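Chemist: Quick one: the structure is below, questions incoming.
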Amino acid sequence: MAVASSDTAIRTSRITRAFIYLFLLLFALFYLLPFGIMLVNSLKPLSEITGGNMIALPREWTIEPWLSAWSTAQIGVQPTGLRPYFINSLMMAIPAVILSTVVGALNGYVLTKWRFRGDTIIFGMLLFSCFIPFQIVLIPMARILGILQIAGTTPGLIMVHFVYGIGFTTLYFRNYYAAFPTELVRAAQIDGAGFFQIFWRIMLPSSGPIIAVSFIWQFTNIWNDFLFGASFASGDAAPMTVALNNLVNSSTGVREYNVHFAGAIMAAAPTLLVYIVAGRYFVRGLMAGSVKG
Amino acid sequence: MTMMKKLHMTAAVVALSTTAVAAQEVEVLHWWTSGGEAAAVGTLRDTLAAGGVSWLDMPVAGGGGSDAMTVLRARVTAGDPPTAVQMLGFSIQDWAAEGALANLDALAAEQGWGDVVPAALQAFSTYDGHWVAAPVNVHSTNWVWANTALMAELGIEQPTSWDEFVAAMEAAEAAGYVALAHGGQAWQDATIFDSMVMGVGGPDFYQASMVDLDPEALGSATMVEAFQRMETLRGFVDDNFSGRDWNLATAMVINGEALFQIMGDWAKGEFVNAGLTAGNEFQCFRVPGTEGTVTFNSDQFAMFNVTDASAQEAQLAMASAVMSPEFQVAFNLVKGSVPARTDIPSDQFDACGQMGMAQLAEAAASGGLFGSMAHGHANPPSVQNAMYDVITAHFNGEYDAETAAAELVTAVEIAQ
Amino acid sequence: MAASTDTGADFRTRLQGWLPKLVLSPSLAVMVIFVYGFIAFTIYLSFTDSRMLPSYGWVGWQNYDRLFRIREWDIAITNLAIFASLYIAISTVIGLSLAIFLDQKIRGEGILRPIFLYPMALSFIVTGTAWKWFLDPAIGIENTMHLWGWESFTFDWIKDREMAIYTVVIAAVWQSSGFVMAMFLAGLRGIDNEILKAAQIDGASNWNLYRRIILPQLRPAFLSAFVILSHLAIKSYDLVIALTGGGPGNATALPATFMYSYTFTRNQMGIGASSAVIMLMTIAAIMVPYLYAELKEKK
Chain A
1 MAVASSDTAI RTSRITRAFI YLFLLLFALF YLLPFGIMLV NSLKPLSEIT
51 GGNMIALPRE WTIEPWLSAW STAQIGVQPT GLRPYFINSL MMAIPAVILS
101 TVVGALNGYV LTKWRFRGDT IIFGMLLFSC FIPFQIVLIP MARILGILQI
151 AGTTPGLIMV HFVYGIGFTT LYFRNYYAAF PTELVRAAQI DGAGFFQIFW
201 RIMLPSSGPI IAVSFIWQFT NIWNDFLFGA SFASGDAAPM TVALNNLVNS
251 STGVREYNVH FAGAIMAAAP TLLVYIVAGR YFVRGLMAGS VKG
Chain B
294 MTMMKKLHMT AAVVALSTTA VAAQEVEVLH WWTSGGEAAA VGTLRDTLAA
344 GGVSWLDMPV AGGGGSDAMT VLRARVTAGD PPTAVQMLGF SIQDWAAEGA
394 LANLDALAAE QGWGDVVPAA LQAFSTYDGH WVAAPVNVHS TNWVWANTAL
444 MAELGIEQPT SWDEFVAAME AAEAAGYVAL AHGGQAWQDA TIFDSMVMGV
494 GGPDFYQASM VDLDPEALGS ATMVEAFQRM ETLRGFVDDN FSGRDWNLAT
544 AMVINGEALF QIMGDWAKGE FVNAGLTAGN EFQCFRVPGT EGTVTFNSDQ
594 FAMFNVTDAS AQEAQLAMAS AVMSPEFQVA FNLVKGSVPA RTDIPSDQFD
644 ACGQMGMAQL AEAAASGGLF GSMAHGHANP PSVQNAMYDV ITAHFNGEYD
694 AETAAAELVT AVEIAQ
Chain C
710 MAASTDTGAD FRTRLQGWLP KLVLSPSLAV MVIFVYGFIA FTIYLSFTDS
760 RMLPSYGWVG WQNYDRLFRI REWDIAITNL AIFASLYIAI STVIGLSLAI
810 FLDQKIRGEG ILRPIFLYPM ALSFIVTGTA WKWFLDPAIG IENTMHLWGW
860 ESFTFDWIKD REMAIYTVVI AAVWQSSGFV MAMFLAGLRG IDNEILKAAQ
910 IDGASNWNLY RRIILPQLRP AFLSAFVILS HLAIKSYDLV IALTGGGPGN
960 ATALPATFMY SYTFTRNQMG IGASSAVIML MTIAAIMVPY LYAELKEKK
């Protein structure tokens, strides 16, 4: 595994460097623009939005839209704001992320260090499962959740996300562990260490970067999911995305764009935070794992 | 007499709620999430709460209820249907055909629903002669909304024929205004199209093409002319119409940027919210050519098969509350629509509301009351959406009128 | 390659031998039911007369026959071809360029990298309205340019039947090119600097260095990027719904929106299922050769 800070040794001229900085800054602007629009407009009173320039800074700054989106905006018939749904989303995302990461890690460990006949085919099958369009699973999944008596509940939703997350997490851990020296595992085996002991003492301690990748990927996907959330957990168990949709997509009445934007940023805050805080591990994890293979 | 009925109904609600042992609950799936609508539904929740029935809210907004219908399918497949679901037209019939809806006959007979709900609505609230849904309102969709000040400025009288209508829009365009405020979304295009079909071909043609789906009518010269009128209207719409929400189009009329909008009576809510009064700052009249007829849609609460006895009682309490004159008035004042009951005095409603109620009764009596294709009350969703495809493709310039009529025939055939 | 089972046959050892498979089996069972079982169910549905809910009257190939007579399906397929090829190509080019440039000992990399990466964290339910505004000529970038004095600037693609699909490409590239950048950056950081230094001493130009030495070593990153991008392209749904709702007209429909609409809005589940089967077969046609090549190589 290479060291993370190994920038390329290529030398460049001053003009080239100027061009590079310009290019990078232009793209940074492009990436920031949509979020910038949301942020700026979430801090304006509604009258400034309907009358004014989309990108202009607020003439009168206000945090009223944020307060409204969080605790008083109308979500359905109750003026609860997004707060209760935020908690629902956390209750759903955290267990689902942990479960799928643990199972993915174990799978990756088996598929690289305890190989057996047909393991490649099994891995191929797991991998292909990442590509199933979620729309086709709605109806049969609903039936199964109904049979298991967990339809419309947070545990049901956790199970759904867990099931469709395994493929990705297994992919990440398998590729990461493939680069891990098998000799260490064999040596431990000769010393009498068992299956789980080896996993716990040898594999896990060096899995930091890939756990970060798996966590970031799963958390983002699960937190942002709308289709499963709406279908399998609406009502009191509805996640944030469903509530946000109810806030933003109401078909009649005055559209409070500032409140919508504030709500959207709130809904995005946890994933943004994860990317910003854990982003550096993300590149490192990708580097060590999925890309090199 | 109304007083008697009211008492009777209140008694029914009370009777139902007092027999409750445990806490009763209704779970309601709907897409009324905007401020005014949600407040209106809130009155229903409060009524039920007073009778000891709690309300588990399950709003799923978006796509004019299509997301809510997806969720419903998941819930029914899971064997866990909500108590009541906001639903439109043919969807009620489809769910009833699946055997998923409860039988409300006893309550309907006791409260005499059959006498107060127009037959055209009953066609959707009943399946196979049994009541399965409680209608909340009747929206009529063939309205023109106009800015009074702009009409005065341009010297326009209320147009009474298609030609006058076109002339009025020409005048607006010449003066630099947007003649027709419109949002380019399939259902909005289809809403206009309903009125064009009715205007060109009259009730019989509407019945033959939109309801009976007769291929000859669908491909006829009359249909071509309806499409040609769509092209005329397209010429009066501004360039930026594509994808615009209907309420933003309404705002154009409110702000005096645009002269007319063709839209259902929910548009009135926008004018009222903006502090305007019907008959003063804004006008409403039927789309020229469709006078004497009403194309409608009706929001109803379809009642699903719930097995638990306490849930069944709660469901009946809700159905009863939905049909109560108090709720029908309170809700429809907010929503801009008219009550599903015909026995409600119109004096609380504004000029447009009163006109709507009178014309609805008239049309119902004369056989001019038709379900709106654009809103799922003329044919099943598969056909409706196939029609959307053609109408919106034509409106966006992909087909000429002849091709559009021919495509309509094919699309409807594939969809059936 | 199996775990050692030759040292005695006591229970513990045998358990150790079986444990790996035991650990893997729940995942396998879950996959068989929830992925392959559901796929089989969908294939079956595509041959039935299902409308609102699954029903089991056999109709043979009728749904497929109808599917290919529906004009919107043609549009959806054509759009997917345009969208996927542009989206994959542009995201790869931008991602690679950003990665190469970021790799030049850039000051502020720690700030730039999360900026490039963050769009992947947001769903289009969150950013949809902002994008719609941005692209809308009346309030978005066109209007802003006019207000800033550039009167002749026009950007009304989203309202244009021919061009709207390209706005979908722009938004999609915005979302995932940073992620592609991260994959390439990881690949670049993994390349041994000694080789580069040696080549530089031999007098190779920067251009040649990248073309001959660096890019070939990024092959795994290219492949990963290709797989992830094509999977995102085929599944693209909320992007279109948030941006254009499939319009103007049906100009920006994609197979995923088509499928959803037929299955859930139009009550023609049979046709919806048949379009899903076509989608799945397309995915399989791309993925299976790739998986085969990748997995075989690693043995």
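Chains as they are written, first to last, in the numbering used here: chain A, 1 to 293; chain B, 294 to 709; chain C, 710 to 1008.
All residues carry an ideal CB built from backbone N, CA and C; glycine is no exception.
Note that the coordinates shown come from a computational prediction; the quantities given were computed from them, not determined experimentally.
Using beta carbons (cut-off 8 angstroms, strictly below), is B/SER537 in contact with chain A?
Modeler: Walking along the second sequence from the start, residue 537 of chain B turns up at place 244. It is Arg, not Ser, that sits at residue 537 of chain B in the sequence shown. No - not a single Cβ of chain A is within 8 angstroms of the one on B/ARG537.
Chemist: So for B/ASP601, helix, strand or coil by DSSP?
Modeler: Residue mapping note: residue 601 of chain B aligns to position 308 of the second sequence, counting from 1. Residue state, collapsed to three classes: coil.
Chemist: Since B/GLY477 meets chain C, which of its residues come closer than 7 angstroms, beta carbon to beta carbon?
Modeler: As a first step, residue 477 of chain B must be located in the second sequence, where it is residue number 184. Under the 7 angstroms cutoff, chain C gives GLY956, PRO957.
Chemist: Starting from A/VAL137 and walking both ways along the beta strand (DSSP E), at which residues does that stretch end?
Modeler: Within the first sequence, numbered from 1, the residue matching residue 137 of chain A stands at position 137. Unbroken run through A/VAL137: none, as it is neither H nor E.
Chemist: In terms of residues, what are the limits of the beta strand (DSSP E) holding B/ARG579?
Modeler: Here residue 579 of chain B corresponds to residue number 286 of the second sequence, with the count starting at 1. Here the beta strand (DSSP E) through B/ARG579 covers 575-579.
Chemist: If you compare alpha carbons, which of B/ASP507, B/THR543, B/CYS645, B/ALA544 is closest to B/THR570?
Modeler: For this step, residue 570 of chain B is matched to residue 277 along the second sequence. Nearest C-alpha to B/THR570: B/CYS645.
Chemist: Across which residues does DSSP place B/SER426 in a beta bridge pair?
Modeler: As a working note, residue 426 of chain B is residue 133 in the second sequence. Inspection of the sequence shows that residue 426 of chain B is occupied by Ala rather than by Ser. DSSP lists B/ALA595 as partners of B/ALA426.
Chemist: Since A/LEU157 and A/ALA233 should fall inside the 8 angstroms C-beta cutoff, what is the C-beta to C-beta distance between them, to a whole number of angstroms?
Modeler: Against the first sequence, residue 157 of chain A aligns to sequence position 157. Against the first sequence, residue 233 of chain A aligns to sequence position 233. Rounded, the Cβ-Cβ distance is 4 angstroms, consistent with contact.
Chemist: Taking only the alpha-carbon atoms, compute the straight-line gap between C/VAL741 and A/ASN107 and give it to the nearest angstrom.
Modeler: Your numbering for residue 741 of chain C matches position 32 in the third sequence. Your numbering for residue 107 of chain A matches position 107 in the first sequence. So the alpha carbons of these two residues sit roughly 15 angstroms apart.
Chemist: Which residue's Cα is closest to the Cα of A/ILE94: A/PRO155, A/MET54, A/PRO181?
Modeler: In the first sequence, the residue the question calls residue 94 of chain A occupies position 94. The residue with the shortest Cα to Cα distance from A/ILE94 is A/PRO155.
Chemist: Which bits of chain B does C/LEU762 rub up against, with CB to CB less than 8 angstroms?
Modeler: If you number the third sequence from 1, residue 762 of chain C lands on position 53. Chain B residues near C/LEU762: ARG366, VAL369, THR370, GLU391.
Chemist: Using a Cβ-Cβ distance under 8 angstroms, would C/ALA711 count as near chain A?
Modeler: Residue mapping note: residue 711 of chain C aligns to position 2 of the third sequence, counting from 1. Annotation note: pLDDT 44 at C/ALA711 (below 50); position unreliable, coordinate value reported separately. Cβ-Cβ to chain A under 8 angstroms: yes for C/ALA711.
Chemist: So which residues on chain B does C/SER970 lean against when the C-beta distance must stay under 9 angstroms?
Modeler: Stepping through the third sequence from its first residue, residue 970 of chain C is reached at position 261. Under the 9 angstroms cutoff, chain B gives SER359, ASN678.
Chemist: How big is the Cα-Cα spacing for B/GLY528 and B/HIS668?
Modeler: Within the second sequence, the letter at position 235 stands for residue 528 of chain B. Within the second sequence, the letter at position 375 stands for residue 668 of chain B. Using only the alpha carbons, I get a separation of about 24 angstroms.
Chemist: So C/GLY956 packs on B/GLY477, CB below 8 angstroms; how close in whole Å?
Modeler: Along the third sequence, one-based indexing puts residue 956 of chain C at 247. Along the second sequence, one-based indexing puts residue 477 of chain B at 184. That belief holds up - the Cβ atoms of C/GLY956 and B/GLY477 are roughly 6 angstroms apart, short of 8 angstroms.
Chemist: According to DSSP, simplified to helix, strand and coil, what is C/THR863?
Modeler: Here the question's residue 863 of chain C lines up with position 154 in the third sequence. C/THR863 falls in the coil class under three-state DSSP.
Chemist: Can you give the Cα-Cα distance for B/VAL319 and B/PRO375, rounded to whole angstroms?
Modeler: As a working mapping, residue 319 of chain B is identified with position 26 in the second sequence. As a working mapping, residue 375 of chain B is identified with position 82 in the second sequence. One C-alpha to the other measures close to 8 angstroms.
Chemist: Which same chain residues end up closer than 7 angstroms to A/ARG59 when comparing Cβ atoms and leaving out the 5 residues on each side of it in sequence?
Modeler: The residue you call residue 59 of chain A lines up with position 59 of the first sequence. These residues qualify, in order along the chain: GLU48.
Chemist: Label A/ARG117 either buried or exposed according to how many other C-beta atoms from any shown protein chain fall within 10 Å of its C-beta, with 16 as the threshold for buried.
Modeler: The residue you call residue 117 of chain A lines up with position 117 of the first sequence. With fewer than 16 other Cβ atoms within 10 Å, it is exposed.
Chemist: Answer with yes or no whether the minimum CB distance from B/SER675 to chain C is below 8 angstroms.
Modeler: As a position in the second sequence, residue 675 of chain B is number 382, starting the count at 1. At least one chain C Cβ lies under 8 angstroms of B/SER675.
Chemist: Residues of chain C with CB closer than 8 angstroms to the CB of A/ALA28, please, in chain order.
Modeler: Position 28 of the first sequence, counted from the start, is the residue given in the question as residue 28 of chain A. In chain order: LEU821, ILE824, PHE825.
Chemist: Who pairs with A/PHE86 in a beta bridge, going by DSSP?
Modeler: In the first sequence, the residue the question calls residue 86 of chain A occupies position 86. Looking at the DSSP assignment, A/PHE86 forms no beta bridge with any residue, so it has no partner.
Chemist: What separation, rounded to the nearest whole angstrom, lies between the Cα atoms of C/ALA881 and A/ALA243?
Modeler: Numbered from its first residue, the third sequence carries residue 881 of chain C at position 172. Numbered from its first residue, the first sequence carries residue 243 of chain A at position 243. C-alpha separation (whole angstroms): 24 angstroms.
Chemist: With a Cβ-Cβ cutoff of 8 angstroms, do B/THR434 and B/THR484 count as a contact?
Modeler: Locating residue 434 of chain B in the second sequence gives position 141, where the first residue counts as 1. Locating residue 484 of chain B in the second sequence gives position 191, where the first residue counts as 1. Between B/THR434 and B/THR484, the C-beta gap is smaller than 8 angstroms, which places the two residues in contact.
Chemist: To the nearest angstrom, how far is the alpha carbon of A/TRP136 from that of C/ILE748?
Modeler: Looking up residue 136 of chain A in the first sequence gives position 136. Looking up residue 748 of chain C in the third sequence gives position 39. For the record, residue 136 of chain A in the displayed sequence is Ile; it is not Trp. So the alpha carbons of these two residues sit roughly 8 angstroms apart.
Chemist: What are the residues in the segment 464-490 of chain B lying within 7 angstroms of chain C by C-beta distance?
Modeler: GLY477, GLN478
Chemist: Count the CB pairs spanning the segment 846-859 of chain C and the segment 783-790 of chain C that are closer than 8 angstroms, and state whether there are at least three.
Modeler: no
Chemist: Of all the CB atoms in chain A, is at least one closer than 8 angstroms to the CB of B/GLU695?
Modeler: The residue labelled residue 695 of chain B in the question sits at position 402 within the second sequence. Not closer than 8 angstroms to any Cβ of chain A, the Cβ of B/GLU695 fails to qualify, so no.
Chemist: Run through DSSP, which three-state label would A/LEU43 get?
Modeler: Position 43 of the first sequence holds residue 43 of chain A. A/LEU43: coil per DSSP, three-state reduction.
Chemist: Within 8 angstroms (strictly less), CB to CB, does B/ASP373 reach chain A?
Modeler: Locating residue 373 of chain B in the second sequence gives position 80, where the first residue counts as 1. Yes, B/ASP373 counts as interfacial toward chain A.
Chemist: The beta strand (DSSP E) that contains B/HIS245, what's its start and end?
Modeler: Residue 245 of chain B lies beyond the residue range present for chain B, which begins at 294 and ends at 709; the question has no answer from this structure.
Chemist: Let me know the secondary structure DSSP gives B/ASP350 once reduced to three states.
Modeler: Counting from 1 along the second sequence, the entry for residue 350 of chain B is found at position 57. B/ASP350: strand per DSSP, three-state reduction.
Chemist: Entirely within the segment 429-493 of chain B and at least 4 residues each: give me those alpha helix (DSSP H) ranges in chain order.
Modeler: 441-447, 455-467
Chemist: From B/MET491 to A/GLU64, what distance separates their C-alpha atoms?
Modeler: Within the second sequence, numbered from 1, the residue matching residue 491 of chain B stands at position 198. Within the first sequence, numbered from 1, the residue matching residue 64 of chain A stands at position 64. For B/MET491 and A/GLU64, the distance between alpha carbons rounds to 48 angstroms.
Chemist: Please report the distance separating the alpha-carbon of C/ILE950 from that of C/SER832.
Modeler: Taking the first residue of the third sequence as 1, we reach residue 950 of chain C at position 241. Taking the first residue of the third sequence as 1, we reach residue 832 of chain C at position 123. If I take the Cα positions, the gap works out to 12 angstroms.
Chemist: Rounded C-beta distance between C/VAL739 and A/ILE166? I'm assuming under 8 angstroms.
Modeler: Counted from its first residue, the third sequence places residue 739 of chain C at position 30. Counted from its first residue, the first sequence places residue 166 of chain A at position 166. The pair is a contact, with the Cβ atoms about 7 angstroms apart (cut-off 8 angstroms).
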